[in-house]
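All remarks here apply to the structure that follows.
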Amino acid sequence: MRALASSVALLALAFAACGGPDPATSASTSASATSDSSGSSAGAGLTEGSEASGGASSGSASESATTGSTSTDATTSGDTTSTSAATTSTTGGDPALCDPATFCADATEEGMCRQAIELGGGMFHVWSNLPLDPGPGEDDCHAGVERVVVVQHGNGRTAWSYFNSLQSAAELAGVATTTLILAPHFPAPLEAPDGFHSWSPLSSGWKSGDDSLTMPPLSSFAAVDLLLLDHVLASPHYPALAEVVVTGHSAGGQFTQRYALSTAVDAAPEAAGVDFRFLVLNPSSYLYLDPYRWDGQGTPPAIDFAIPAGSDCDSDYNEYKYGLEAIPAGHYVAEHLGTIPDAYLARDVTYLLGEADTLQDADLDTSCPATLQGEHRLERGQVFAAYLNARFPEQSHGLLTVPGVGHSAGGMYTSATGVAALFP
């Protein structure tokens with residue numbers, strides 16, 4: 065497992081120059097367990113860290129509200145540094161041709177473009193900072209791209225705001241000119257133009273890999289597979305590409321965890337030589353790999369796990385999306401079940417939790433299967449980390465916590481720990 069401490073330390077000067085906190089003593093993960101800010105150890109397997117310097121709490125408003133304005137997120141959290149996403153990233157070629165204002169008919173002043181691409185027999189929108197399918201003169205725009213970051217929106221479906229947060233983080237890390245940022249949009253039917261895929265706004269929908277409501281149906285997980293395979297990994301325009309990062313906050317964190325568990329995109333021939341990482345931020349629930357759950361006693365990480373008995377939901381708590389039972393036939397996850405959990409446990413996955421994400425807001429999943437996982441998002445993440453260590457000690461997933469940040473996508477991504485986790 066990579067160590068994040070050095071990356072956080074290298075960001076100290078950048079944060080100081082921007083007026084932000086000095087992250088030199090911030091959190092780290094390593095192959096052996098490290099201590100969090102209170103001195104507790106993560107234990108074997110999954111490793112834990114926490115930023116040492118905090119700040120004022122950003123609060124923990126609802127999932128949809130907190131992702132609606134990344135400028136607000138990035139300035140109200142004491143652990144974040146406010147930056148502007150207005151600087152356009154160009155990675156090579158003619159800067160004018162690589163500027164979204166030039167190549168994109170739907171560009172914004174923030175230096176991003178909403179592009180319409182074909183995926184799985186229908187159209188699909190994705191926000192990006194470079195043309196996905198280069199036209200004449202744009203071929204060299206991608207020559208210096210070393211990493212692709214796919215960032216998944218939350219319940220509010222504000223893909224553009226997540227793009228802004230990631231671009232701010234890339235600028236803080238000094239890698240904006242070598243990073244392609246992709247922010248897919250999974251619209252509800254009333255949001256989708258004619259000919260575009262759309263997903264149900266009800267139940268788990270897009271965040272659990274469900275099929276689109278349009279014909280032909282397309283799983284939201286398959287959409288990200290195709291986005292990466294057809295428009296990046298199989299493209300000849302990325303000669304320097306070394307890494308793909310998939311991340312999401314809140315409902316996007318749910319998407320990322322379940323996608324990391326079931327995808328096989330990293331095993332595709334087109335992905336040879338490219339490293340994959342998954343960053344899961346503040347999800348409302350997790351998919352567990354077996355029927356064991358926290359017995360409700362003690363405090364993470366020193367807790368025990370057992371098969372629930374006598375619970376209001378002890379007959380269905382392990383059904384998908386909370387477990388691997390009762391997965392609908394033909395579902396994306398059902399079709400990849402043969403590689404679960406081994407592939408997931410072997411992947412590079414890091415969980416980032418806001419230490420102030422402790423309120424039971426309107427978007428928190430309060431179903432019985434979810435409440436078995438903990439009282440709030442912070443506790444549920446800590447419990448899941450303890451579960452992985454107890455049940456699957458061979459894995460080396462990472463756990464990081466961010467003081468002073470609640471349920472804020474911008475606050476998490478632009479914190480010192482968030483930046484170092486994205487761009488180690």
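Counting from 65, one number per residue, gives the positions in the sequence shown under my numbering.
Yeah, the Cβ is synthetic: ideal placement off N, Cα and C, and Gly gets one too.
Length of the line joining the Cα atoms of residue i and residue j
i      : j      : result
SER418 : PRO457 : A quick correction: the sequence has Gly, not Ser, at residue 418. Approximately 24 Å between the Cα atoms of the pair.
SER460 : HIS217 : 26 Å
GLY360 : PRO372 : 10 Å
LEU230 : GLY374 : 44 Å
GLY259 : ASP289 : 20 Å
ALA434 : PRO253 : 27 Å
THR465 : PRO200 : 45 Å
MET176 : HIS295 : 17 Å
THR222 : SER472 : 13 Å
PRO257 : ALA315 : 23 Å
VAL338 : ARG211 : 9 Å
ASN228 : THR481 : 18 Å
ARG444 : THR422 : 10 Å
ALA287 : CYS162 : 25 Å
ASP368 : TRP358 : 6 Å
ASP275 : GLY184 : 11 Å
ALA420 : ASN219 : 20 Å
ARG178 : ALA366 : 46 Å
PRO195 : PHE448 : 38 Å
LEU409 : THR166 : 43 Å
PHE285 : GLY362 : 36 Å
VAL469 : PRO281 : 38 Å
SER283 : ILE181 : 16 Å
GLY186 : GLU255 : 15 Å
ASP354 : ASP197 : 42 Å
LEU110 : ASN382 : 22 Å
GLY474 : ALA426 : 19 Å
PRO164 : TYR226 : 17 Å
SER479 : PRO364 : 24 Å
ARG441 : HIS400 : 27 Å
THR278 : VAL215 : 23 Å
HIS313 : ALA306 : 24 Å
Sequence-distant residues of its chain with Cβ nearer than 6 Å to residue i (five each side left out)
i      : result
ARG341 : VAL309 and ASP412
TRP224 : TRP191
GLY387 : TYR352
LEU428 : SER348
TYR415 : VAL344, GLY445 and LEU463
CYS377 : CYS432 and PRO433
PRO405 : LEU353
Buried or exposed by the 16-neighbour rule on C-beta atoms within 10 Å, applied to residue i
i      : result
GLY402 : exposed
SER431 : exposed
SER379 : exposed
LEU439 : Inspection of the sequence shows that residue 439 is occupied by Glu rather than by Leu. With fewer than 16 Cβ atoms within 10 Å of its Cβ, GLU439 is classed as exposed.
THR243 : buried
PRO467 : buried
LEU292 : buried
THR327 : buried
GLN40  : This structure does not reach residue 40, given that the chain is present from 65 up to 488, and the question cannot be answered.
PRO251 : buried
GLN424 : exposed
PRO159 : exposed
PRO303 : exposed
ASP330 : buried
ALA370 : exposed
ALA240 : buried
Residue i, enclosing alpha helix (DSSP H) - first and last residue
i      : result
ASP406 : 406-410
PHE487 : Looking at the DSSP string, PHE487 is not in any alpha helix (DSSP H), and its letter there is neither H nor E.
PHE448 : 441-455
VAL397 : 396-399
PRO164 : 164-167
Residues near residue i by beta carbon distance below 8 Å, same chain, minus five either side
i      : result
ASP384 : This sequence places Tyr at residue 384; Asp is not what is there. Once the five neighbours on either side are set aside, the close Cβ partners of TYR384 are SER272, LEU351, ALA390, ILE391, PRO392, HIS395 and VAL397.
LEU486 : VAL213, LEU230, ALA233, ALA234, ALA237, VAL309, THR311, LEU343 and TYR477
ALA324 : VAL310, PHE342, VAL344, TYR408, ARG411 and VAL413
Residue interval of the beta strand (DSSP E) (run including residue i)
i      : result
GLN179 : 177-183
GLY188 : The sequence given here places Phe at residue 188; Gly does not occur at that position. From DSSP, the beta strand (DSSP E) with PHE188 extends over 186-192.
PRO248 : 243-248
ARG516 : For residue 516 there is no data in the structure shown, the boundaries of the chain being 65 and 488.
GLY312 : 307-313
GLY462 : 462-466
PHE285 : Here PHE285 belongs to no beta strand (DSSP E); instead the alpha helix (DSSP H) covers 284-292.
LEU343 : 339-345
GLN216 : 211-216
Exercise. With a cut-off of 8 Å, do at least 3 Cβ pairs link the segment 447-455 to the segment 196-216?
Worked result: As far as the Cβ criterion goes, the segment 447-455 does not touch the segment 196-216, which means the pair count is below three.
Problem set entry | the segment 317-325 / the segment 256-272 touching (three or more Cβ pairs under 8 Å) | Touching, yes.
For this session: Could you tell me whether the segment 324-339 touches the segment 292-304, where touching means 3 or more Cβ pairs closer than 8 Å?
Result: Result yes; three or more Cβ-Cβ pairs closer than 8 Å.
Exercise. Are the segment 174-194 and the segment 247-267 touching by the rule of at least three beta carbon pairs closer than 8 Å?
Worked result: Cβ pair count under 8 Å is three or more, so yes.
Exercise. Between the segment 162-171 and the segment 256-264, do three or more beta carbon pairs fall short of 8 Å?
Worked result: These segments do not touch.
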